[in-house]
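Taking it in order: structure first as structure tokens, then the write-up.
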Amino acid sequence: MNLKGTVCWKSPSNIALVKYWGKYGRQLPKNPSISFTLSNAHTFTEIDYEYVENVNSGPTLEFAFEGESNKAFGEKILNFLNSISDELPFINSLNLNIRSHNSFPHSSGIASSASSMSALVLCILSIEQKIKSLSEIDLKKASHLSRLASGSASRSVFEKIAVWGKTEFVPDSSNEFAVPYLDGIDPIFFDFHDDILIASAAEKSVSSTAGHALMNDNPYGSARFQQANDHMGAIIKAMQNGDLNTFGKIVEKEALTLHALMMASDPPYILLEPNTISMIRAIQTFRKEKNVPVFFTLDAGPNIHLLYPHKNLEDVKALKSELIKLCIDGRIIEDHVGNGPKQIK
Ligand code: DP6
Numbered sequence: 126m127n128l129k130g131t132v133c134w135k136s137p138s139n140i141a142l143v144k145y146w147g148k149y150g151r152q153l154p155k156n157p158s159i160s161f162t163l164s165n166a167h168t169f170t171e172i173d174y175e176y177v178e179n180v181n182s183g184p185t186l187e188f189a190f191e192g193e194s195n196k197a198f199g200e201k202i203l204n205f206l207n208s209i210s211d212e213l214p215f216i217n218s219l220n221l222n223i224r225s226h227n228s229f230p231h232s233s234g235i236a237s238s239a240s241s242m243s244a245l246v247l248c249i250l251s252i253e254q255k256i257k258s259l260s261e262i263d264l265k266k267a268s269h270l271s272r273l274a275s276g277s278a279s280r281s282v283f284e285k286i287a288v289w290g291k292t293e294f295v296p297d298s299s300n301e302f303a304v305p306y307l308d309g310i311d312p313i314f315f316d317f318h319d320d321i322l323i324a325s326a327a328e329k330s331v332s333s334t335a336g337h338a339l340m341n342d343n344p345y346g347s348a349r350f351q352q353a354n355d356h357m358g359a360i361i362k363a364m365q366n367g368d369l370n371t372f373g374k375i376v377e378k379e380a381l382t383l384h385a386l387m388m389a390s391d392p393p394y395i396l397l398e399p400n401t402i403s404m405i406r407a408i409q410t411f412r413k414e415k416n417v418p419v420f421f422t423l424d425a426g427p428n429i430h431l432l433y434p435h436k437n438l439e440d441v442k443a444l445k446s447e448l449i450k451l452c453i454d455g456r457i458i459e460d461h462v463g464n465g466p467k468q469i470k
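Each residue of the sequence shown is one higher than the last, beginning at 126 in this note's numbering.
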């Protein structure tokens, strides 16, 4: 059987509330994590495929990012596809032309492996669906395969809130894949805002993958993994009770701990910029003075994620007009909790 066609998915980024930082084995997390799935920050991936049944010489691919051929990314994708061809042998019979672009500006300092890898995996599973005439795509499998490409990508597959990593607080949780986690959560968290404030658009000096590896010898490693477990229990409780104060305390502690771990690595490194610190101070002062539930978190980079409930959208405007002055070229990506990946027909 020979088959040709085009598949296309749009998949979002996500922001971790309790962070995955440290891994072992084949992309397994040293602690559980929980995240908001975003909406506006997404990757759009389209693949023209040709399936030639009796030729198993391995996939061939061409890859273009933002309209330009990109050999380095193409090689990474090829390595990843080869690494999962034991699970999906049809991959060895594919010729692929992959085109991908991000909704956020290329130079925003947001390199989202979560959105790009989950979009790629969903496209590959759509191809499998066509070849095998499957009725639907198994999201657990999509999460598992996305994890093998990039840990945080495992969580982007699900709408709103996802948990990845075994934890006693989420019965069906696993290190192998993420699970959606909505049951019992206060709906105030289902349309939370996340405005991404760009403090630097420069490429990171240390990649996340290198950062994870440094956790192996971090003297605070075991205390950190215990803390993350405890934070999972506490944040889930706070999210069930709609307890914004506790939620915010844990989220901010997680963000600062992540960066403290980087500073305590060997060699130590700093990804925060002076404006990151100025923004943190402005947010904390505003919250105290105005009594508005607005909090920050950070990724493995200098950009601030400003988190607040939808009902406080108006209240936060004054703060945002201050913060925008501290952003590179006044750049903010306004995002919110979203509905997960979408297949584009
Ligand atoms: C700080 O998922 O990018 O954003 O598995 O090596 O691809 P790899 O790492 P990645 O790490 C994300 C780290 C984080 C926290 C998080 O998203 O949980």
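All C-beta atoms, glycine included, are put in the ideal place defined by N, C-alpha and C.
Treat the numbers as computed from the prediction; the structure is a model and nothing was measured.
For residue i: DSSP bridge partner residues
| i | result |
| --- | --- |
| residue 134 | 170 and 468 |
| residue 448 | According to DSSP, residue 448 bridges with nothing at all. |
| residue 460 | 319 |
| residue 286 | 161 |
| residue 75 | The chain is shown only over 126 to 470; residue 75 falls outside these bounds and no answer can be derived. |
| residue 226 | 169 |
| residue 175 | 129 and 220 |
| residue 194 | 189 |
| residue 423 | 429 |
| residue 292 | 295 |
Reduced DSSP secondary structure (H/G/I, E/B, other) of residue i
| i | result |
| --- | --- |
| residue 390 | coil |
| residue 141 | strand |
| residue 151 | coil |
| residue 372 | helix |
| residue 431 | strand |
| residue 180 | coil |
| residue 398 | coil |
| residue 328 | coil |
| residue 213 | coil |
| residue 156 | coil |
| residue 416 | coil |
| residue 310 | coil |
| residue 246 | helix |
| residue 277 | coil |
| residue 405 | helix |
| residue 300 | coil |
| residue 343 | coil |
| residue 367 | coil |
| residue 377 | helix |
| residue 271 | helix |
| residue 262 | coil |
| residue 454 | helix |
| residue 438 | coil |
| residue 235 | coil |
Contacts around residue i, its chain only, beta-carbon distance under 6 Å, and the 5 residues preceding and following it disregarded
| i | result |
| --- | --- |
| residue 244 | 134, 136, 168 and 170 |
| residue 222 | 173 and 187 |
| residue 412 | 419 |
| residue 430 | 140, 319, 321 and 422 |
| residue 464 | 284 |
| residue 251 | 132 |
| residue 361 | 294 |
| residue 444 | 411 |
| residue 239 | 138, 139, 277, 278 and 281 |
Residue i classed as buried or exposed, judged by whether at least 16 other C-beta atoms fall within 10 angstroms
| i | result |
| --- | --- |
| residue 274 | buried |
| residue 219 | buried |
| residue 126 | exposed |
| residue 416 | exposed |
| residue 375 | buried |
| residue 387 | buried |
| residue 341 | exposed |
| residue 197 | exposed |
| residue 176 | buried |
| residue 178 | exposed |
| residue 426 | buried |
| residue 400 | buried |
| residue 148 | buried |
| residue 162 | buried |
| residue 351 | exposed |
| residue 207 | exposed |
| residue 142 | buried |
| residue 370 | exposed |
| residue 330 | exposed |
Same chain only: Cβ atoms within 7 Å of residue i, ignoring 5 sequence neighbours per side
| i | result |
| --- | --- |
| residue 270 | 209 and 246 |
| residue 367 | 311 and 313 |
| residue 316 | 435, 461 and 462 |
| residue 469 | 133, 134 and 135 |
| residue 242 | 271, 274, 275 and 278 |
Cut-off 8 Å between Cβ atoms - residues of its own chain near residue i, not counting five sequence neighbours on either side
| i | result |
| --- | --- |
| residue 195 | 188 and 189 |
Assess contact between the region 148-161 and the region 285-296, defined as three or more Cβ pairs (one per stretch) separated by less than 8 Å. Is contact present?
yes
Any 3 or more C-beta pairs closer than 8 Å across the region 293-309 and the region 433-453
no
Please determine if the region 347-357 and the region 395-405 are in contact, where contact requires at least 3 C-beta pairs separated by less than 8 Å.
no
If we count Cβ pairs, one from each stretch, closer than 8 Å, do we get three or more for the region 323-343 versus the region 176-194?
no
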